[in-house]
Amino acid sequence: MSEVAKKEEGKELSRFRPATDILEREDGFHIFMDMPGVSKDDMAIDLEEDELTVTGRSAQCPVSGEKFVEAQFGACEYVRSISISDIVDRERIKASLENGVLELFLPKVEKVQPKRITIEAQ
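122 is the number that UniProt numbering gives the last residue of the sequence shown; the numbers go up by one with no jumps.
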């Protein structure tokens, strides 16, 4: 956890559901979440059974001698849970964070090819 987030930990933070886009493509699901001010160290992605939960803390604290004149966003907690189905390959889920946008890739399970069962004579 970053130093800024540690300072904010004792306070009750406002909780928001991040703006999210979910796209289904042939290879899987691509999820984009706006997480302004959240660093990789202040984010957690947990998968439990059929639910993927993303949490992140943003902490914008003024430097000593400064004060906010106006604050549109600042110290807050982002939380979003997404139900996933059995067509998602849980072992190959990937996540990246760039410019305040979290991108999750949930690949689809590879299709099982039909199989002919051999009959053995006795």
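Heads up, the beta-carbon is just placed ideally off N, CA and C, and yes, glycines get one too.
Taking E103 as reference, the option from A59, K111, R15, I93 with the minimal CA-CA separation is I93. In the three-state reduction of the DSSP assignment, D86 falls in the coil class, being assigned neither a helical nor a strand state. For the pair R80 and R17, the CB atoms are nearer than the 7 Å cut-off. An exposed status is given to L23, since fewer than 16 other beta-carbon atoms sit within 10 Å of its beta-carbon. Taking a 10 Å sphere around the C-beta of G28, we find 16 or more other C-beta atoms and assign the residue as buried. DSSP places K115 in the coil class of the three-state scheme, outside both helix and strand. Counting along the chain, the unbroken beta strand (DSSP E) around V101 starts and ends at 101-107.
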